[in-house]
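Since the structure comes first, as structure tokens, the remarks are kept for the end.
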Ligand SMILES: Nc1ncnc2c1ncn2[C@@H]1O[C@H](C[S@+](CC[C@H]([NH3+])C(=O)[O-])CC(=O)[O-])[C@@H](O)[C@H]1O
Ligand SMILES: O=C(O)C(=O)Cc1ccccc1
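Residue numbers (this note's numbering): 102 to 344.
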């Protein structure tokens, strides 16, 4: 895998265009997500552990919005169930192409099916584990309930959905504090004020964060039996919903 440093927003941009998962982002993605999402590595490891526990034989594990496949690879390392396939889906052709290329040079042979598709349009079947690791936040708000209902219907009894999201807070002071602390985190990771503010503009209207309350209500309305946060670091959280 290539590890290029993210400097996409380091120089002043005359016009800041909407954030897209294109070739430029793909080239720096592992560095970008690692330095931008507090707790990212811990979440990836835990997805592996959870997949080890919840994967069932003759079932499928879905990594929806897989990017370069970090969660898929963590799951593959931990799954011991027989006849268990990982379906990794992303609608960025650039991401899927790079993930496929990286996987081709990998020697392990566990069954991974990588698809370039919109997660709103695929079918979900016999799912024991479903991962939405910082993906739902990029899906239009109006489409989120239908997507979660489809996921729920496609899950086996005893299945798990791992939903990681940037959170928003109803309380204004909490919102201001947590956003500010995330920016401090990014500064500590080597990003400049300019990089932080230009990326923030690029993500406006693209990454739409909601509160835990909104997520939980939607998960319960979709049919899930319970939904809790198992990890949070400032305004980045990961939830577990059980069927
Ligand atoms: N409708 C959609 N259909 C398919 N893919 C989509 C859609 N919308 C967005 N994506 C894809 O969701 C991914 C979000 S990144 C996920 C990180 C990964 N999960 C990781 O564990 O490293 C998170 C981030 O960059 O903050 C991108 O690759 C998009 O192309
Ligand atoms: O960088 C940020 O400020 C974020 O909110 C997280 C992120 C990480 C990678 C791509 C898009 C958003």
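We put the beta carbon where it would ideally sit given N, CA and C, even for glycine.
Computed from a predicted model, the values in this text were never measured in an experiment.
| task | For residue 227, name the three-state secondary structure that DSSP assigns. | result | Looking at residue 227 - three-state DSSP - the assignment turns out to be coil, as it is neither helix nor strand.
| said: Restricting to runs no shorter than 4 residues, where is the alpha helix (DSSP H) found entirely within the region 217 to 264? | reply: Those alpha helix (DSSP H) runs which fall completely within the region 217 to 264 and span 4+ residues are 242 to 255.
| request: Identify, in the order they occur along the chain, each residue of the same chain with its Cβ nearer than 8 Å to the Cβ of residue 242, setting aside the five sequence neighbours on each side. | output: So the qualifying residues of the chain are 309 and 311.
| query | Is residue 342 helix, strand or coil when you go by DSSP? | reply | Of the three classes helix, strand and coil, the one that applies to residue 342 here is strand, per DSSP.
| Close Cβ partners of residue 168 (< 8 Å) along its chain, the five nearest in sequence each way excluded | Contacts found: 122, 130, 134, 191, 193, 196 and 200.
| said: Considering only heavy atoms of ligand 1 and the C-beta of each residue, which residues fall inside 6 Å, strictly closer? | reply: Qualifying residues come out as 122, 134, 166, 167, 168, 171, 172, 190, 191, 192, 193, 196, 219, 220, 221, 234, 235, 236, 239 and 240.
| Inter-residue CB distance, residue 267 and residue 155 (contact presumed, cutoff 8 Å) | Actually they are not in contact, since the Cβ atoms of residue 267 and residue 155 sit about 24 Å apart, beyond 8 Å.
| Between residue 251 and residue 225, what straight-line distance do the alpha-carbon atoms span, to the nearest angstrom? | Looking at the two C-alpha atoms, the distance is approximately 7 Å.
| field | Sequence-distant residues of its chain with Cβ nearer than 7 Å to residue 304 (five each side left out) | value | Shown here for residue 304: same chain residues with a beta carbon closer than 7 Å to its own, the five before and five after excluded, namely 120 in chain order.
| query | What are the boundary residues of the alpha helix (DSSP H) that residue 200 is part of? | reply | Start and end: 194 to 205.
| task | Give the secondary structure of residue 315 by DSSP, where H, G and I count as helix, E and B as strand, and everything else as coil. | result | Residue 315 falls in the helix class under three-state DSSP.
| Ends of the alpha helix (DSSP H) at residue 168? | The continuous stretches of alpha helix (DSSP H) do not include residue 168, and DSSP gives it neither H nor E.
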